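J.: Just passing along the structure, written as structure tokens.
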Amino acid sequence: MSFIAILGAGTLGGTLAATLARHDRVRDLRLIDAAPGIAAGKALDIRQAGPVEEFSTRISATTHVDAVVGAKVVVVTGPAETPNTEWQNEPALKLAERVSGLNHRAPIVCAGASHGLLVEQGIARLGIDPAQILGSAPGALVSGLRALIALEAGTSPAEISINLFGVPPAHPVVAWSGASVGGCLLEERLTPTQLARLRAQVEKLWPPGPYALASSAAAVIEAIVDGESRRSFACFVGSRRGSTLGATSANVTLGRNGVKSEKPPHLSRLEQVQLENALVQQD
19 MSFIAILGAG
29 TLGGTLAATL
39 ARHDRVRDLR
49 LIDAAPGIAA
59 GKALDIRQAG
69 PVEEFSTRIS
79 ATTHVDAVVG
89 AKVVVVTGPA
99 ETPNTEWQNE
109 PALKLAERVS
119 GLNHRAPIVC
129 AGASHGLLVE
139 QGIARLGIDP
149 AQILGSAPGA
159 LVSGLRALIA
169 LEAGTSPAEI
179 SINLFGVPPA
189 HPVVAWSGAS
199 VGGCLLEERL
209 TPTQLARLRA
219 QVEKLWPPGP
229 YALASSAAAV
239 IEAIVDGESR
249 RSFACFVGSR
259 RGSTLGATSA
269 NVTLGRNGVK
279 SEKPPHLSRL
289 EQVQLENALV
299 QQD
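Everything in the sequence shown is counted per the working numbering, starting at 19 for the first residue and increasing by one.
Shown next, in the form of structure tokens:
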């Protein structure tokens, strides 16, 4: 029986588990955290909400990392002992190494705002297939942008199309020139003053909060589970420039094995220069 394994019962991990359960598109969840009782308590809370919120997703909890064996997708979040932090640096890399050794088939979704580095090092140092490890945080920034644009345009975020490239948070490149509102170019819909106001807000949207991160990660996980994403997602993926490997935000489609394809960015000349500079500065 396949399931989704969430590593970490901190704020992000617990929020993600609740989000996936409420969407009711994933059959089974397994919340994994070394802190005794915390993962079990959050799993119980979510289960008890099922009859009231009308979802049937099953959720269990364990303290053992080897419980990722057999998972369809493994998600990295952060530890319950420090609930508002994410796994970073060597502890994050050791966790990814253990997960990839235990379950070499499952895509690894790194859900934290700081996890671009984990994607990069997972590929460069651990040799994980670049298609099999990705970070979902850029999608949370895109969601924030869509909400702000919708306010300026007086419409629904669902009408907004916009993409993010580069290396957030240090060097994000927003494809403003190709952004649209209901099929019309954003630059034709909004005034220069409105566009300037939006551009000034980008750096303030990072880091996204746990609810935005959980929502973005849930969308990525559900697309992988479905096996064929009709839409694309802004994700951290491995990228190579010369002999250097990094992780950048890209527009990707997803399949059962992780990243299926990467769509080339459609940028203005200025945005292309910004992207090239971002990649150079990443080196």
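For every residue, glycine included, the Cβ atom is placed at its ideal position computed from N, Cα and C. Quick caveat, the model's predicted, so the values are computed rather than measured.
1. Bridge partners of L255, per DSSP?
2. Note down the Cα distance separating T103 from I180, rounded to an integer number of angstroms.
3. Let me make sure I understand the geometry here. Which of P97, P125 and R40 has the alpha-carbon closest to that of V243?
4. With distance defined between alpha-carbon atoms, name the residue in A129, A53 and G256 nearest to A35.
5. On the premise that V255 lies in contact with T266, defined as a C-beta separation below 8 Å, what is that separation, rounded to the nearest angstrom?
6. For E51, is the classification buried or exposed, using 16 other Cβ atoms within 10 angstroms of its Cβ as the cut-off for buried?
7. Can the beta-carbon of L223 be found less than 7 Å from the beta-carbon of G162?
8. Mind listing, in chain order, the continuous alpha helix (DSSP H) runs of no fewer than 4 residues lying wholly within the segment 46–102?
9. For P190 versus G184, is the C-beta distance shorter than 7 Å?
10. Would you give the residue range spanned by the alpha helix (DSSP H) that G134 belongs to?
11. Helix, strand or coil for E246 per DSSP?
12. CB S234 to CB S154, shorter than 7 Å?
13. Near R40, what residues of its chain come up, given a Cβ to Cβ distance below 7 Å and the 5 sequence neighbours on each side ignored?
14. Tell me the DSSP secondary structure of S195 in three-state form.
15. Should the segment 132–147 be regarded as contacting the segment 113–121, the criterion being three or more beta carbon pairs within less than 8 Å?
T.: Quick answer:
1. In the sequence on display, residue 255 carries Val and not Leu. Answer is T266, bridged to V255.
2. For T103 and I180, the distance between alpha carbons rounds to 29 Å.
3. Closest in alpha carbon position to V243, among P97, P125 and R40, is P125.
4. Taking only the C-alpha atoms, the option nearest A35 is A129.
5. Yes, T266 and V255 are in contact; Cβ-Cβ is about 7 Å, under 8 Å.
6. First, the amino acid is wrong: residue 51 is Asp here, not Glu. Classification of D51: buried, given that the 10 Å Cβ count is 16 or more.
7. Closer than 7 Å, so yes.
8. You should have 56–71.
9. Closer than 7 Å, so yes.
10. G134 -> alpha helix (DSSP H) spans G134 to A142.
11. Looking at E246 - three-state DSSP - the assignment turns out to be strand.
12. Yes, these two residues count as a Cβ contact at 7 Å.
13. Cβ neighbours of R40 beyond the five flanking positions: E71 and F73.
14. Here S195 sits in helix by DSSP.
15. When Cβ pairs closer than 8 Å are counted between the two stretches, the segment 132–147 is seen to touch the segment 113–121, the count reaching three or more.
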